[in-house]
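Chemist: Quick one: the structure is below, questions incoming.
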Amino acid sequence: MSMRKYNVIDLFCGAGGLHIGFENEGFNVDLCIDNNPLVEKTHKRNYAHIQLLNKDILDITINEIQQYSHSEIDVIIGGPPCQGFSTIGNRVSSDPDRRSQTDSRNELVYAYAKIVSALKPKFIIMENVKGILTMKGGAYIRTVLEELRKVGYDVEYRLVNMADYGVPQIRERVIIFGNRVGVPVNFPKPDHAEIPTDTLNPWVSCWSVISDLESLTDMPNFNHVALKHTNINIERYKLIPEGGRLPEDQLSPELYRRNFGNTYKRLHRNRPALTMVPGNDAFPIHPTLHRSLTVREAARIQTFPDNIIFEGNRRQQGHQVGNAVPPLFSQKLAKFILSQLEKG
């Protein structure tokens with residue numbers, strides 16, 4: 021078994037969910053890249069030992085990356101924001117040097133492929149939302165796979181539910197996995213299931229990770245601050261059963277509201293949480309209290325350790341948490357890649 025540390029670069033790193041998992045498995049994270057001043061603040065507070073380039077990836081040169089990284093990069097991780105690919109089917113050209121007429125946000129996948137092509141990591145991981153599978157009738161996912169195959173990678177994708185990997189949350193995400201070392205493109209096997217078996221543990225409940233926070237009052241330095249809900253919303257929340265949603269047929273005219281989203285869904289103590297996406301700047305409703313989850317409760321459900329503190333106002337903190345890859349899932353990806361690297 022090789023004793024050297026394997027080197028990782030995290031593109032579009034956000035709050036660090038992906039690279040936390042890799043560090044926990046012993047990888048050396050050389051460099052993180054993002055283009056967000058709040059991400060930079062969160063990064064400097066929590067990951068000061070890792071160099072961050074806070075810059076548009078389209079403006080970053082390979083030489084800049086190589087200034088901060090080892091000569092041999094083993095893994096590149098990250099996921100371009102999917103919003104940038106809304107017009108990918110209408111791109112003008114596949115030549116990276118001749119696409120000035122397109123929306124620059126649509127160039128992120130080409131920038132990713134360019135970096136991969138130049139640094140030649142052994143393995144690559146891209147994570148994104150489920151919706152990429154149907155964007156432009158599937159053109160997005162086909163383009164991503166095509167670009168990565170062009171630069172020498174065997175790649176496949178899979179839609180995974182992170183609850184199947186021990187994350188206390190129903191969270192479906194697309195994982196694009198690839199390598200250039202000639203091994204079959206496989207994915208780590210789930211170790212949990214809604215209906216457990218001899219080899220699969222039961223899904224993890226949300227209550228198992230947030231119950232101790234129920235009685236705590238506001239703790240701003242811990243990202244544990246309750247939203248100040250209006251009285252009318254509190255009355256609505258009182259009507260939501262555990263594991264249910266706001267019952268429209270039981271609402272008085274003054275409590276009625278259209279467009280019932282996650283904001284009006286209550287978690288169940290015995291089940292994984294709903295996906296941690298802060299719709300309307302609020303997470304789902306606490307299982308027992310008449311308020312939405314705090315950022316810290318959402319971070320627990322996302323499997324972030326408590327020592328990670330998110331910068332910005334409450335809304336900004338919530339988006340950093342909700343957009344992240346759960347570190348527990350990332351660590352299982354890292355462990356799987358490590359086993360394949362060590363075989364070589």
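Residues in the sequence shown are numbered consecutively from 21, following our numbering.
C-beta: ideal position from N, C-alpha, C; glycine also.
Being a predicted model, the structure only gives us computed values, none of them experimental.
1) What are the start and end residues of each continuous alpha helix (DSSP H) run of 4 or more residues lying completely inside the region 171-245, in chain order?
2) Mapping DSSP to helix, strand and coil, what is SER120?
3) Out of curiosity, what's the CA-to-CA distance linking TYR173 and PRO347?
4) Does GLN71 come out as helix, strand or coil in the three-state DSSP assignment?
5) Is LEU51 closer than 9 Å to ILE70 when the C-beta atoms are compared?
6) Among the candidates ILE196, ASN74, ASN181, whose CA atom is the shortest distance from the CA of VAL129?
7) Determine whether the beta carbon atoms of GLU234 and HIS339 lie at a separation below 9 Å.
8) When DSSP labels each residue in this structure, what does GLU317 get in the three-state scheme?
9) Please determine, among GLY332, ILE82, PRO101, the residue with the shortest C-alpha to C-alpha distance to LYS134.
10) Could you pull out every residue in the same chain whose Cβ sits closer than 8 Å to the Cβ of THR250, ignoring the five residues on either side in sequence?
11) For the structure I just gave you, are there three or more beta carbon pairs, one from the region 218-230 and one from the region 307-326, closer than 8 Å?
12) Assign ASN243 to buried or exposed, taking buried as 16 or more other Cβ atoms, counted over all protein chains shown, within 10 Å of its Cβ.
13) Whose C-beta lies closer than 8 Å to the C-beta of THR183 among residues of the same chain, with five residues either side of it excluded?
14) On the criterion of 16 or more Cβ atoms from any shown chain inside 10 Å, does THR273 qualify as buried, or is it exposed?
15) Hey, LEU73 and VAL345: beta-carbon distance below 9 Å or not?
16) Can you give me the C-alpha to C-alpha distance between ASN206 and VAL194, rounded to a whole angstrom?
17) Could you tell me the alpha carbon to alpha carbon distance between ILE96 and ASP238, rounded to whole angstroms?
18) Tell me, to the nearest whole angstrom, how far the beta carbon of LEU259 is from that of GLN270; I am working on the premise that it is less than 8 Å.
19) Helix, strand or coil for PRO347, going by three-state DSSP, please let me know.
20) Please list, in chain order, all residues of the same chain as PRO208 whose beta carbon is under 8 Å from its beta carbon, the five residues on each side excluded.
21) Rounded C-beta distance between LYS25 and ASN48? I'm assuming under 8 Å.
22) So, is PHE349 buried or exposed, given that buried needs 16 or more other C-beta atoms within 10 angstroms?
23) Just to confirm my understanding: we take MET45, look at its own chain, exclude 5 residues before and 5 after, and list those with CB closer than 8 Å. What are they?
24) Give me the residue from ARG335, VAL171, GLY157, PRO261 with the minimum Cα distance to TYR132.
25) State the CB to CB distance for the pair ARG256 and TYR284, rounded to an integer number of angstroms; the pair is presumed to be in contact (CB under 8 Å).
26) Thinking C-alpha only, which one of LEU275, ARG265, LEU309, PRO240 is nearest LEU294?
27) Can you tell me where the beta strand (DSSP E) holding VAL28 begins and where it ends?
28) What residue from ASN27, PRO210, PRO216 has the CA that sits closest to HIS90's CA?
29) Please check the pair ILE29 and ILE93, which I expect to be a contact at CB under 8 Å, by giving their CB distance rounded to whole angstroms.
30) Along the chain, where does the beta strand (DSSP E) containing GLY98 start, and where does it finish?
31) Report the rounded CA-to-CA distance for GLY158 versus ILE152, giving the unit in angstroms.
32) Would VAL341 count as contacting chain B if we go by Cβ distances under 9 Å?
33) Suppose you measure from the CA of LEU275 to the CA of ARG334; what does that come to, to the nearest Å?
34) Going by beta-carbon coordinates alone, are LEU78 and ILE53 separated by less than 9 Å?
35) Taking the C-alpha atoms as reference points, what is the distance between LYS150 and THR163?
Modeler: Inspection of the coordinates gives the following:
1) 227-230
2) To locate residue 120, count along the sequence shown from 1; it is residue 100. Annotation note: pLDDT 43 at SER120 (below 50); position unreliable, no value reported.
3) If you number the sequence shown from 1, residue 173 lands on position 153. If you number the sequence shown from 1, residue 347 lands on position 327. Roughly 25 Å separates the two Cα atoms.
4) Numbered from its first residue, the sequence shown carries residue 71 at position 51. GLN71 falls in the strand class under three-state DSSP.
5) In the sequence shown, counting from the first residue as 1, residue 70 sits at position 50. In the sequence shown, counting from the first residue as 1, residue 51 sits at position 31. Closer than 9 Å, so yes.
6) Looking up residue 129 in the sequence shown gives position 109. Considering only alpha carbons, the answer is ILE196.
7) For the purposes of this step, residue 234 is taken as the residue at position 214 of the sequence shown. For the purposes of this step, residue 339 is taken as the residue at position 319 of the sequence shown. No, Cβ-Cβ distance for GLU234 and HIS339 is not below 9 Å.
8) For the purposes of this step, residue 317 is taken as the residue at position 297 of the sequence shown. GLU317 falls in the helix class under three-state DSSP.
9) Walking along the sequence shown from the start, residue 134 turns up at place 114. Residue ILE82 is the option with its Cα nearest to LYS134.
10) Within the sequence shown, numbered from 1, the residue matching residue 250 stands at position 230. Contacts found: none.
11) yes
12) If you number the sequence shown from 1, residue 243 lands on position 223. Counting Cβ neighbours within 10 Å, ASN243 comes out buried, since at least 16 surround it.
13) Sequence index remark: in the sequence shown, residue 183 carries index 163 (1-based). It is Ala, not Thr, that sits at residue 183 in the sequence shown. The answer, listed in chain order, is GLN189, ILE190, ARG191, HIS212, GLU214, TRP223, VAL224, PRO292.
14) Numbered from its first residue, the sequence shown carries residue 273 at position 253. A small fix is needed here, since residue 273 is Pro in this sequence, not Thr. Exposed: under 16 other Cβ atoms inside 10 Å.
15) On the sequence shown, position 53 is the one that residue 73 refers to. On the sequence shown, position 325 is the one that residue 345 refers to. Taking 9 Å as the Cβ cut-off, LEU73 and VAL345 do not qualify as a contacting pair.
16) For the purposes of this step, residue 206 is taken as residue 186 along the sequence shown, with counting starting at 1. For the purposes of this step, residue 194 is taken as residue 174 along the sequence shown, with counting starting at 1. Taking the straight line from one Cα to the other gives about 14 Å.
17) Numbered from its first residue, the sequence shown carries residue 96 at position 76. Numbered from its first residue, the sequence shown carries residue 238 at position 218. Distance between the alpha carbons of ILE96 and ASP238: 38 Å.
18) By one-based count along the sequence shown, residue 259 stands at place 239. By one-based count along the sequence shown, residue 270 stands at place 250. The pair is a contact, with the Cβ atoms about 6 Å apart (cut-off 8 Å).
19) On the sequence shown, position 327 is the one that residue 347 refers to. In the structure shown, PRO347 sits in a helix (DSSP, three-state: H, G or I).
20) Walking along the sequence shown from the start, residue 208 turns up at place 188. Correct list, in chain order: TYR185, LYS352, LEU353, LYS355, PHE356.
21) Against the sequence shown, residue 25 aligns to sequence position 5. Against the sequence shown, residue 48 aligns to sequence position 28. Contact holds; Cβ gap of about 4 Å.
22) Position 329 of the sequence shown, counted from the start, is the residue given in the question as residue 349. With 16 or more other Cβ atoms within 10 Å, it is buried.
23) Sequence index remark: in the sequence shown, residue 45 carries index 25 (1-based). A small correction: the amino acid at residue 45 is Glu; Met does not occupy that position in the sequence shown. Cβ within range, chain order: GLN351, ALA354, LYS355, LEU358.
24) Looking up residue 132 in the sequence shown gives position 112. For TYR132, the nearest C-alpha among the options comes from VAL171.
25) One-based indexing of the sequence shown puts residue 256 at position 236. One-based indexing of the sequence shown puts residue 284 at position 264. Right, the Cβ-Cβ distance comes to about 7 Å (below 8 Å), so this counts as a contact.
26) Translated into positions along the sequence shown, residue 294 becomes position 274. The candidate whose alpha carbon is nearest that of LEU294 is ARG265.
27) The sequence position of residue 28 within the sequence shown is 8, counting from 1. Run containing VAL28: 27-31, per the beta strand (DSSP E) assignment.
28) Here residue 90 corresponds to residue number 70 of the sequence shown, with the count starting at 1. For the residues ASN27, PRO210, PRO216, the minimum Cα distance to HIS90 belongs to ASN27.
29) By 1-based counting over the sequence shown, the position of residue 29 is 9. By 1-based counting over the sequence shown, the position of residue 93 is 73. ILE29 to ILE93, Cβ: 6 Å. Contact.
30) Along the sequence shown, read from residue 1 onward, the residue named residue 98 stands at position 78. Start and end: 95-98.
31) The count along the sequence shown starts at 1 and reaches residue 158 at position 138. The count along the sequence shown starts at 1 and reaches residue 152 at position 132. Roughly 7 Å between the two C-alpha positions.
32) In the displayed structure, chain B is absent; only one protein chain is listed.
33) As a first step, residue 275 must be located in the sequence shown, where it is residue number 255. As a first step, residue 334 must be located in the sequence shown, where it is residue number 314. Each residue's alpha carbon lies about 26 Å from the other.
34) Along the sequence shown, one-based indexing puts residue 78 at 58. Along the sequence shown, one-based indexing puts residue 53 at 33. No; because the gap between Cβ atoms is not below 9 Å, this pair is not in contact.
35) As a position in the sequence shown, residue 150 is number 130, starting the count at 1. As a position in the sequence shown, residue 163 is number 143, starting the count at 1. When rounded, the distance between both Cα atoms is 16 Å.
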